[in-house]
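Enquirer: Have a look at the structure that comes next, please.
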Ligand code: HEM
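Chains as they are written, first to last, in the numbering used here: chain A, 728 to 1139; chain B, 2 to 562.
Shown next, in the form of structure tokens:
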């Protein structure tokens, strides 16, 4: 882990300074344009929001927003040049680029969909997104194997293969989800809904977000050795996803009335930003404990050379929690807002809500334990690992073992 | 020491302990562990269920600890109270210090302070002015302060100086949210109301502790209609109630509500929460099982009990559903959703009879090949819906002729003296067919024959005097509404917004400080560059290095770390 040096390729210059900031404003304008369409256009159509965005109406609203954003960005950047160095904008642009890439990929895949007459609800096996998810599964497992291989044979080539395959997995998973959204309309206009409504779909989302958060940390802090741990967690999830598919949980199903709300589209993904970051923190914690053991045994392994130091791993775990905690807080608040609108109370002590609170309290305690004295290193690494176990229970266990209002995640 | 003073010292110690971070960690962990209990032990169930589940000893133990409504029990609220106290204490203690810290930006540093910095660089330059210019240009958007002491220039640059506001916002926000929650509990209400179609209601009911309580609303709600829409798969798509609000006898508002789109009137929100049967009219046809071929019809309603004076048998109707969509596919086959049509559920009781729960379908069961398999029931001997077992009756009771055929067949069978069973059946059936249908045989008479034979084996075994089947219905739904008033909600939203903003400041806008210390040293000028950050040192390390490369690279050929 050395300091990043100035990278001069033209590609990365797109993400820097004036160009980066203007692009950020353009994206922002695009999103605001689409939100404005939902709020003020012909009305938000819960049943066909994706198609609404993709229609002429969406192009007009989104395009206008993007152009306005572009202009605002250029003017603001010229008036107040410090904005051009805004870290928030410059850190966000690559994510939005990635999202755009996924959308384009999903459009490409959609060309391979079977003819309308061959698509039916009872047998969804001929839809393309299933194949892409399968590819994603293979890629993520391959990536985990490469990262582990990299630990034992720290060749930069192997490391690069591992990283590239992790990126490929994220793009495959993200585009498959977007495609699945589109496919849900192909089945039946009434069935169409955003692909964040059941366990199988959110699992794919979780893999992508976990990997993406990890890749961001890897890119910024050269923490490649940690990948072996994070991607192994993801692979474990992949096997669970394959099992879900094998018991018929992968089908697109219509939404129950309680989930037919725009809140679902923001609450659920935001929650998974939290879960994904906590998974990365868990990976960092495991890497910490691993290195700690190696060091304590006085190992001279070549592995140590490529591993981040204990202090760096400690900070990486903190970094991941620092991404996840605000996201999880926001997600919980969004959930409360939704509950207020759908059930009449922002907090009902429903098991899922309560477990979200427990997860939140545990990471809150983690952050405090860090600041106060005496709590560092090994204990906190264990805390990060244990915190993730609680998170997994909140995510899976509650749906499977406890009853409550959040029964959508239940296997049916 | 005078006692007053002792008390003061004690109070001060408590106050300090309350505001300490270790207490915060302990409180957070204890709260999270306590919260687990209420998710494992189902909350707010009926007391009878609890008693049955745990037995008297544990029931009373749990009850006295308030575990059945744990999140409102005194000890849980006390924990929350401690959290509020602790938050107040730490805010009280830290805010003045932080405000002062944020304002003071003394550029001067002592040698000892400089030696303690983790991020430090030192080099020689011969052009200090260019260096300072580059420094300021590189750190565009930072705030600068300068001072000169004993010929040494101190230039201080700050970014994210307001970071501590993040801390203040987050912790005040938590306090605000807790206050909002308390306001909601104290001054708000939430309860359920079921309104049958065409009727109105003005009272809500809710659980308080271990008992159910009632509250009168300042208006009446009338349900004009309730509708369910279905997906092509048979799963429900939308529940929609058309409601009218009646205030002091006047109709003031009529509106449709669906799940996720409530109605708002006089500070009360009205939500679509559930639905059920609102007392549909049910017409039963009783098929007497005493071989008399007699039938009679009775009219009753859902939730009512009809009682036969002669036999003492009673029929308590518990539910009615016009659609009963089931997946008819076996395990592993592609799904096959089918609507089995209207069905009524009732409990049949009588002297000398074991009470049974029955779900009777109006239509016969048509299998996947389109073959009529006759009428059928679901019967549960335990009274529990999970124990329903299908019970085929053989004949199709929606067809009057099959009932007649059954009796004719039965009659001919008992009249016959032929020994050979097969032959006896065949002849009896032929004679019965002739009695009922005359010379025109129905097309599917072979199936009818099989089913009639089945009925002969089944019907006489039934212990009941008659078989109540659904003959006709007039459906009425009730809509299950939830009414809530929550004056604390907006306080909670304000707190939530502050919480998120505060966290963004706290985590993503760290306070970064950099110093450039320039001291003329004979011909050359010695430059020291130091920095610190209150969070995320890893990112700062690379930024520090980048800035160092930039300014040192331009000002000194002999940069050294
Ligand atoms: C639910 C309760 C609480 C939450 C969610 C919360 C949240 C936070 C967070 C996120 C941080 C930043 C940690 C970091 O920088 O890594 C923090 C810092 C801190 N919290 Fe809390 N807090 C809570 C309760 C308390 C309580 C009760 C106290 C006082 C006893 C307290 C005292 C502090 C202090 C002193 C800091 C350090 C500020 C700094 O680093 O500059 N917190 N809190």
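By construction, the Cβ of each residue, glycine as well, lies at the ideal position given by its N, Cα and C atoms.
From a predicted model like this one, the values you see are computed outputs, not experimental measurements.
#1: What is the rounded straight-line gap between the Cα of residue 65 of chain B and the Cα of residue 484 of chain B?
#2: DSSP three-state label for residue 544 of chain B, please.
#3: Taking all protein chains shown into account, do 16 or more other C-beta atoms lie within 10 angstroms of the C-beta of residue 141 of chain B, making it buried, or fewer, making it exposed?
#4: Where does residue 1 of chain B sit, in a helix, a strand or coil, going by DSSP?
#5: Would residue 1099 of chain A pass as an interface residue toward chain B - the criterion being a Cβ-Cβ separation below 8 Å?
#6: Assess, as a yes-or-no matter, whether the stretch 908-924 of chain A is touched by the stretch 987-997 of chain A under the definition of 3 or more beta carbon pairs within less than 8 Å.
#7: Does the beta carbon of residue 1138 of chain A come closer than 8 Å to any beta carbon on chain B?
#8: Taking 8 Å as the cut-off, does the stretch 461-480 of chain B touch the stretch 280-289 of chain B (at least 3 CB pairs, one atom from each stretch)?
#9: Please list the partners that residue 263 of chain B has in chain A, where partner means a Cβ-to-Cβ separation under 9 Å.
#10: How would you list, in chain order, the residues of chain A whose beta-carbon sits under 9 Å from the beta-carbon of residue 1 of chain B?
#11: Closest to residue 1 of chain B by CA distance: which of B:534, B:184, B:327 is it?
#12: Any contact of the stretch 855-874 of chain A with the stretch 952-972 of chain A, i.e. 3+ C-beta pairs under 8 Å?
#13: If you measure from the beta carbon of residue 209 of chain B to each beta carbon in chain A, is any gap under 8 Å?
#14: Which same chain residues end up closer than 6 Å to residue 287 of chain B when comparing Cβ atoms and leaving out the 5 residues on each side of it in sequence?
#15: Rounded to whole angstroms, how far is the Cβ of residue 1071 of chain A from the Cβ of residue 1005 of chain A, which I believe are closer than 8 Å?
#16: Expressed to the nearest angstrom, what Euclidean distance is found between the alpha-carbon atoms of residue 39 of chain B and residue 1082 of chain A?
#17: Going by DSSP in three states, residue 1020 of chain A sits in which element: helix, strand or coil?
#18: Let me know the alpha helix (DSSP H) ranges lying completely inside the stretch 93-144 of chain B, each 4 residues or longer, listed in chain order.
#19: So with Cβ pairs under 8 Å, would you call residue 909 of chain A a contact of chain B?
#20: Going by the beta-carbon positions, is the gap between residue 208 of chain B and residue 84 of chain B smaller than 8 Å?
#21: For residue 543 of chain B, which residues in the same chain have their Cβ closer than 6 Å to its Cβ, ignoring the five residues on either side in sequence?
#22: Excluding sequence positions up to five away, which residues of its chain have a Cβ less than 7 Å from the Cβ of residue 456 of chain B?
#23: Any beta-carbon of chain B closer than 8 Å to the one on residue 949 of chain A?
#24: Just how far apart, CA to CA, sit residue 216 of chain B and residue 251 of chain B?
#25: Alpha helix (DSSP H) containing residue 50 of chain B: first to last residue?
#26: Please look up how many angstroms separate the CB atoms of residue 867 of chain A and residue 934 of chain A, rounded, as I've assumed it's under 8 Å.
#27: Ends of the beta strand (DSSP E) at residue 475 of chain B?
#28: Looking at residue 1019 of chain A: is its Cβ nearer than 8 Å to the Cβ of residue 1043 of chain A?
#29: Closest Cβ-Cβ distance between residue 293 of chain B and chain A: below 8 Å?
#30: Rounded to the nearest angstrom, what separates residue 964 of chain A and residue 754 of chain A at their Cα positions?
#31: If you count every other CB in all the chains shown that lies within 10 Å of the CB of residue 249 of chain B, and 16 or more means buried, which is it?
#32: If the criterion is Cβ atoms closer than 8 Å, does the pair residue 413 of chain B and residue 432 of chain B meet it?
#33: On the DSSP bridge assignment, give the partners of residue 318 of chain B in chain order.
#34: Suppose you measure from the CA of residue 377 of chain B to the CA of residue 478 of chain B; what does that come to, to the nearest Å?
#35: For the alpha helix (DSSP H) containing residue 969 of chain A, list its first residue and its last residue.
#36: Let me check understanding here. Comparing Cα to Cα, which of B:159, B:443, B:37, B:155 lies closest to residue 513 of chain B?
Expert: Result, derived from the coordinates:
#1: 30 Å
#2: helix
#3: exposed
#4: This structure gives no information on residue 1 of chain B, because the portion of chain B shown stretches from 2 to 562.
#5: yes
#6: yes
#7: The predicted position of residue 1138 of chain A is uncertain, since its pLDDT is 39 and thus under 50; a value taken from the coordinates is nonetheless stated next. Chain B contact via Cβ: absent.
#8: yes
#9: 1068, 1069, 1071
#10: Only positions 2 to 562 of chain B appear in this structure, which leaves residue 1 of chain B out of reach.
#11: With chain B covering 2 to 562 only, the question about residue 1 of chain B has no answer from this structure.
#12: yes
#13: no
#14: 297, 467, 469
#15: Going by Cβ atoms, the distance from residue 1071 of chain A to residue 1005 of chain A rounds to 30 Å, so no, they are not a contact pair.
#16: 10 Å
#17: helix
#18: 112-117, 129-139
#19: no
#20: no
#21: none
#22: 394, 395, 396, 407
#23: no
#24: 21 Å
#25: 48-65
#26: 6 Å
#27: 467-475
#28: no
#29: no
#30: 32 Å
#31: exposed
#32: yes
#33: B:347
#34: 25 Å
#35: 954-973
#36: B:159
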